[in-house]
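By my numbering, the letter at position 260 of the sequence shown is numbered 1275, and the numbering carries on one by one without gaps.
Working notes, structure below.
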Amino acid sequence: MRIADIRETSVALKSSLRNAVFDFSEMTTSVVAVITDVMREGKPVAGYAFNSTGRYACGAQMRARFIPRILAAKSETLLDEDGGNLDPEKILACMMQREKPGGHTERSVAIGTIEVAVWDAVAKIAGKPLHRVLAERYNGGKAIDKVPCYVGGGWYEPGKGLKELQDEIRARLDKGYVTMKIKVGGAPIPEDVARVEAALKVVSSSANLAVDANAGFDRARALAYAKALAPYKLRWFEEPTNPLDYALLAEVASIYDAPIGTGENLFSTQDVVNLVRFGGLRADRDIIQTDVPQSYGIVQFSRTLEMLKREGWGRASVFPHGGNQMTLAIVGGFGLGGCEAYPGVFGVFAGFADDARVEDGHLKLSDRPGIGFEAQNALYAVMQELAR
Ligand code: MG
1016 MRIADIRETS
1026 VALKSSLRNA
1036 VFDFSEMTTS
1046 VVAVITDVMR
1056 EGKPVAGYAF
1066 NSTGRYACGA
1076 QMRARFIPRI
1086 LAAKSETLLD
1096 EDGGNLDPEK
1106 ILACMMQREK
1116 PGGHTERSVA
1126 IGTIEVAVWD
1136 AVAKIAGKPL
1146 HRVLAERYNG
1156 GKAIDKVPCY
1166 VGGGWYEPGK
1176 GLKELQDEIR
1186 ARLDKGYVTM
1196 KIKVGGAPIP
1206 EDVARVEAAL
1216 KVVSSSANLA
1226 VDANAGFDRA
1236 RALAYAKALA
1246 PYKLRWFEEP
1256 TNPLDYALLA
1266 EVASIYDAPI
1276 GTGENLFSTQ
1286 DVVNLVRFGG
1296 LRADRDIIQT
1306 DVPQSYGIVQ
1316 FSRTLEMLKR
1326 EGWGRASVFP
1336 HGGNQMTLAI
1346 VGGFGLGGCE
1356 AYPGVFGVFA
1366 GFADDARVED
1376 GHLKLSDRPG
1386 IGFEAQNALY
1396 AVMQELAR
């Protein structure tokens, strides 16, 4: 068997949302199709992925280096031991040929997106849902059929006040979600504190409310927010600092007892090592939020988890960034803390199977082979167009 072709395209998100740092008006994402010569039901098996949410499309790197490297490799060098399926670890190594150490973001999103599409193909060829393939390889075969799922929302939008924020949260709770995350840092502190208090009235417990500052604070503002928010003992305080400012993060952690979340803007295993060694984080409460398709993909993520284990961190501390079907399969497959959801935002790229139901804050995993994009009609139409 072999990879017959790899195609990519850039699709606009068309979103009017804003967080504390930037708006999404120009946001795009790369959609990838890895097309094999394996036939299922009369059609070649294709694996799909997209580069999650918040990093622009990166087709130039894919076209210039990563796709040609894979297509130029002898097909048998990319297969597993018995030659019956693709080997994502070998395909990752193939893409990393002649790549200089460091400088991760220039390539980690492009490589990770292709790698996750390879996994979709691997699971389809195996005839299993991706979460089960991952559980067999990376979690002792432990089958998990539902995962905790929280809502990432509470964005700043024109004309959106406290009442509209509360309405948004109520609508999510009505859908079966329990935990809500809202943005902070895009307004003056007293206004954000009023938003937190308004949100708390709806979610009923501080354990069900997290806030996200999107790494936009300087030192004075990070410490001021930490002081202002600490008494609320929220579920977590996300990205209070620049992702690489470990010293400031440690300073925030020293005055903020409740959990801190960070990591969605780190792209390598080494960055996460540095985070837990030097960021003052606490393995008993804080959470790590790696975005897997943006950080070299699933094989590299398994190495990050091994490293975290050596540093004393368990899988329950990992809540990957990205409310989508890829992250859902990864959370279930590795047995992680939970998954994010963005209902109703980011167009076709947000959300899960069209018939997915949230119950008591949990989402059931798909039984369909692969990642399960086939059950997301609008998104799958974009993907199929690419493979045609
Ligand atoms: Mg975030």
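Even for Gly, the Cβ is constructed at its ideal location relative to N, Cα and C.
Using CA coordinates, which residue listed in Gly1191, Asp1306 and Gly1168 is at the minimum distance from Leu1180? Gly1168
Residue from Lys1198, Thr1256 and Val1314 with nearest C-alpha to Asp1306: Val1314
Take Arg1297 as the anchor and find which of Ala1268, Gly1278, Gln1309 and Ser1310 has the nearest alpha-carbon. Ala1268
Cβ separation of Ala1239 and Glu1254, assumed to be a contact under 8 Å, to the nearest whole Å: No, Ala1239 and Glu1254 are not in contact; Cβ-Cβ is about 15 Å, not under 8 Å.
Around ligand 1, what residues have a beta-carbon under 6 Å from a heavy atom of it, in chain order? Asp1227, Asn1229, Glu1253, Glu1254 and Glu1279
How long is the line joining the alpha carbons of Thr1319 and Gly1142, rounded to whole angstroms? 27 Å
Which of helix, strand or coil DSSP assigns to Lys1139: helix
Where does Ala1230 sit, in a helix, a strand or coil, going by DSSP? coil
Only counting the same chain, and skipping five residues up and downstream in sequence, which positions put a Cβ closer than 7 Å to that of Met1398? Val1046, Ala1048, Tyr1063 and Phe1388
Starting from the Cα of Asp1038, find the closest Cα among Arg1122, His1146, Glu1172 and Ala1150 and give me that residue. Glu1172
For Phe1367, which of Thr1043, Leu1343 and Arg1325 has the nearest alpha-carbon? Leu1343
Quick one: what's Ile1303 bridged to in DSSP? Thr1277 and Val1333
Tell me whether Ala1243 sits in a helix, a strand or coil according to DSSP, three-state version. helix
Per DSSP, which residues does Asp1160 bridge with? Please list them. Beta-bridge pairing links Asp1160 to no other residue.
Range of the contiguous alpha helix (DSSP H) that encloses Ala1344: Gln1340 to Phe1349
Taking DSSP's pairing of strands, which residues face Arg1152 in a bridge? DSSP output for Arg1152 lists no bridge partner at all.
Supposed close pair Lys1157, Leu1380 - CB separation, criterion 8 Å: That belief does not hold up - the Cβ atoms of Lys1157 and Leu1380 are roughly 13 Å apart, past 8 Å.
In the structure shown, what three-state DSSP assignment does Gly1094 receive? The residue asked about is misnamed: residue 1094 is Leu in this sequence, not Gly. Strand, per DSSP.
Simplified DSSP state of Cys1109, which is helix, strand or coil: helix
Straight-line gap, Glu1374 to Leu1249 (C-alpha atoms, nearest Å): 22 Å
Would a C-beta distance cut-off of 7 Å place Gly1127 and Pro1308 closer than the cut-off? yes
With DSSP collapsed to three states, give me the class of Asp1052. strand
Runs of beta strand (DSSP E) lying entirely within the stretch 1064 to 1088, each at least 3 residues, in chain order: none
Residues sharing a beta bridge with Arg1013, DSSP: Any question about residue 1013 goes unanswered here, given that the chain covers just 1016 to 1403.
Kindly indicate which residue of Thr1194, Val1363 and Glu1041 has the alpha-carbon position closest to the one of Gly1376. Thr1194
Comparing alpha-carbon positions, which option in Ala1393, Asp1020, Val1166 and Leu1323 lies nearest Gly1338? Val1166
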